[in-house]
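*Asks:*
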Amino acid sequence: MALASVIGVGSTRYGVLDSSFLELVIDAASQALRDAGIGPEDIDAYYLGNFAGENFINQNHLAAYSASAIGLNGVPATRVEGACASGSLAVREAILAIKSGLYKRVLVVGAEKMTSLDTSGVTSVLAKASNWEAEVGHGLTFPAVFAFVARRYMHQYGATREHLAAVAVKNHNHAMLNPKAHMQKKITLEEVLSCQHMVAEPLSRYDCSLISDGASAMVLCAPELAETHRKDVVDIVGTGQASGRFEIFANELLTSFPATRLAAKRAYTMANIKPDDVDVAELHDCFTIAEIVATEDLGFFKPGEGGIAALEGRTRLGGELPINPSGGLKAKGHPVGSTGVGQGVEVVCQLRGEAGLRQVKNAEIGLTHNLGGAGGTCTVHIYKRR
Ligand SMILES: CC(C)(COP(=O)(O)OP(=O)(O)OC[C@H]1O[C@@H](n2cnc3c(N)ncnc32)[C@H](O)[C@@H]1OP(=O)(O)O)[C@@H](O)C(=O)NCCC(=O)NCCS
């Protein structure tokens with residue numbers, strides 16, 4: 001049963017952009033409204049996913065700030081923050097608001113303007129999504145957190161850097177087919193393996209997601225109204241959210257995120273589907289190892305087999321389950337607050353058959369997975385072509 005329906009999507013290009021935060025939001029929101037064939041006056045509520053505007057653009061009160069710029073006069077405007085999962089949490093709030101019966105048409109935007117700071121400034125801001133006292137104060141920034149995960153995964157399953165590199169190569173290649181992707185650079189396994197720019201051993205620059213600016217938007221509406229707006233409706237049929245242990249060291253295992261498992265279980269049960277039913281997925285590959293672990297936590301592959309599947313090409317376009325056809329956080333880019341909404345935009349384009357050169361054939365069911373911090377927050381949404 002549909003919880004809500006997507007009738008409009010839009011996105012800016014992701015990258016190092018000249019546009020201001022507001023210009024990004026207005027661009028993505030206008031595209032989504034135009035795609036839905038409605039105007040700001042038709043919107044009942046607005047949710048904004050944003051992680052750290054107060055640090056990146058020195059601006060707070062961002063939902064009202066951007067609602068006013070979009071022309072959403074009088075509309076309830078709410079900002080949602082959950083680290084890198086901020087965008088998908090905003091989508092979830094919109095789903096719940098529609099399902100409650102309170103609102104008919106809701107605009108969701110995810111946006112972040114990160115490149116106003118240099119890499120070390122961005123790293124410090126991102127680290128605020130960790131336990132500052134117990135982790136960051138000891139040098140444990142996000143690349144270091146996921147380096148621990150990678151090291152443990154390699155030790156536990158005998159995986160090598162080739163398995164990680166296969167994810168980077170795949171996602172770079174996918175991004176080459178996405179005109180809105182930040183990174184347009186084809187890479188080979190050999191180039192990744194010979195990269196001298198180590199960020200946190202064993203993760204090199206090629207294992208990390210990008211620091212990007214960007215905004216994405218969706219218009220959701222009550223399922224019974226969707227066909228009055230468009231024929232090619234995509235329904236949201238499952239949503240799961242879970243929280244996990246906040247600090248990476250508080251987890252029993254380093255090679256699995258309980259919040260992902262729980263959110264997935266809730267979403268699959270609600271949608272009444274199994275992992276095997278998913279045709280295309282946009283996963284949270286903030287680091288290459290994160291995509292591998294997610295493919296296992298979501299039930300696509302058995303523990304220890306996610307890296308092998310990536311190396312065998314089973315997760316690339318044309319493979320048995322294409323993962324991150326957009327290029328993912330790794331190569332499409334990761335403007336933190338925008339990411340979860342952007343994942344939804346990609347899946348909707350795939351299910352409508354509008355993904356151009358990166359189209360997954362006959363995709364009917366799509367999944368998004370968005371992780372906040374080191375697994376403190378996770379959301380999984382399931383989309384289905386009507
Ligand atoms: C990997 C990282 C440290 C690189 O930063 P940097 O060393 O300052 O890199 P620069 O911005 O100076 O770019 C240098 C070159 O590397 C490339 N590059 C930068 N980041 C890259 C990445 N992640 N993957 C591939 N290439 C990358 C740039 O395009 C540039 O290429 P060019 O010389 O051909 O123009 C940075 O992107 C990073 O911190 N990423 C992780 C962000 C993160 O933690 N997100 C949250 C996850 S939970």
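Residue numbers (UniProt numbering): 1 to 386.
Even glycine gets a Cβ: it sits at the ideal position worked out from N, Cα and C.
All values derive from a computational prediction rather than experimental measurement.
Which residue marks the beginning of the beta strand (DSSP E) containing isoleucine 236, and which one marks its end?
*Replies:* Isoleucine 236 -> beta strand (DSSP E) spans 234-243.
*Asks:* Going by the beta-carbon positions, is the gap between leucine 62 and asparagine 73 smaller than 7 angstroms?
*Replies:* no
*Asks:* What is the rounded straight-line gap between the Cα of glycine 238 and the Cα of tyrosine 268?
*Replies:* 6 angstroms
*Asks:* Name the one or two DSSP bridge partners that asparagine 251 has.
*Replies:* In the DSSP output, where bridge partners are listed per residue, asparagine 251 has none listed.
*Asks:* By the three-class DSSP mapping on this structure, what secondary structure does cysteine 221 have?
*Replies:* strand
*Asks:* Given methionine 270, which residues of its chain have a CB within under 8 angstroms of its CB, disregarding the five upstream and five downstream residues?
*Replies:* Excluding positions up to five away in sequence, the list reads Leu3, Val237, Gly238, Thr239, Gly240 and Ile382.
*Asks:* Please report how far the alpha carbon of lysine 99 lies from the alpha carbon of histidine 369, in whole angstroms.
*Replies:* 21 angstroms
*Asks:* I want to check one thing, is the minimum distance from the CB of phenylalanine 142 to the heavy atoms of ligand 1 below 6 angstroms?
*Replies:* yes
*Asks:* Looking at ligand 1, does it come within less than 6 angstroms of serine 209, judged from the CB to the closest heavy atom?
*Replies:* It does: the Cβ of serine 209 is within 6 angstroms (strictly closer) of some heavy atom of ligand 1.
*Asks:* Can you pull the DSSP bridge partners for asparagine 370?
*Replies:* DSSP lists Thr379 as partners of asparagine 370.
*Asks:* Report yes or no: do the region 78-86 and the region 143-156 share at least 3 C-beta pairs separated by less than 8 angstroms?
*Replies:* Contact between the region 78-86 and the region 143-156 is absent, because fewer than three Cβ pairs lie under 8 angstroms.
*Asks:* Any idea which residues DSSP pairs serine 11 with across the strands?
*Replies:* Ser216
*Asks:* Pairs of beta-carbons, one from the region 183-202 and one from the region 26-45, closer than 8 angstroms: are there three or more?
*Replies:* no
*Asks:* Please specify which runs of the alpha helix (DSSP H), each continuous and at least 4 residues long, are wholly inside the region 40-111, giving them in chain order.
*Replies:* 53-56, 62-70 and 86-99
*Asks:* Relative to ligand 1, is the shortest distance from any of its heavy atoms to the C-beta of threonine 119 smaller than 6 angstroms?
*Replies:* Indeed, a heavy atom of ligand 1 lies less than 6 angstroms from the Cβ.
*Asks:* Start and end of the beta strand (DSSP E) containing glutamate 282?
*Replies:* 280-282
*Asks:* Is it a yes or a no for the region 220-232 touching the region 118-127, going by three-plus beta-carbon pairs under 8 angstroms?
*Replies:* With the rule of 3 Cβ pairs closer than 8 angstroms, the region 220-232 does not count as touching the region 118-127.
*Asks:* Whole angstroms is fine: what's the gap from glutamate 224's alpha carbon to leucine 102's?
*Replies:* 14 angstroms
*Asks:* For asparagine 171, tell me which candidate among His334, Thr160 and Met154 has the shortest Cα-Cα distance.
*Replies:* His334
*Asks:* Please identify the residue among Phe21, Ala331 and Asn272 whose C-alpha is closest to the C-alpha of leucine 177.
*Replies:* Ala331
*Asks:* Going along the chain, which residues of its own chain have a beta-carbon closer than 6 angstroms to the beta-carbon of glycine 328, five neighbours each way excluded?
*Replies:* Asn171 and Asp285
*Asks:* How about glutamine 84: is its Cβ closer than 6 angstroms to a heavy atom in ligand 1?
*Replies:* Before going further, note that residue 84 is cysteine rather than glutamine in the sequence given. Because some heavy atom of ligand 1 lies under 6 angstroms away, the Cβ of cysteine 84 counts as near it: yes.
*Asks:* Would DSSP call serine 130 helix, strand or coil?
*Replies:* coil
*Asks:* Any heavy atom of ligand 1 closer than 6 angstroms to the beta-carbon of arginine 161?
*Replies:* In terms of side-chain proximity, the C-beta atom of arginine 161 is found no nearer than 6 angstroms to any non-hydrogen atom of ligand 1.
*Asks:* Roughly how many angstroms separate the alpha carbons of proline 253 and alanine 242, rounded to a whole number?
*Replies:* In the sequence under discussion, the amino acid at residue 253 is leucine, which differs from the proline named in the question. Straight-line Cα distance between these residues: approximately 17 angstroms.
*Asks:* Would you mind sorting leucine 357 into buried or exposed? The rule is 16 or more other CB atoms within 10 Å of its CB.
*Replies:* exposed
*Asks:* Could you give the distance in angstroms between the alpha-carbon of valine 9 and the alpha-carbon of glycine 37?
*Replies:* 11 angstroms
*Asks:* What is the rounded straight-line gap between the Cα of lysine 274 and the Cα of lysine 384?
*Replies:* Cα to Cα, lysine 274 sits roughly 13 angstroms from lysine 384.
*Asks:* Less than 6 angstroms separating the Cβ of arginine 205 from some heavy atom of ligand 1?
*Replies:* yes
*Asks:* Report buried or exposed for lysine 361, applying the criterion of at least 16 other Cβ atoms within 10 angstroms of its Cβ.
*Replies:* exposed
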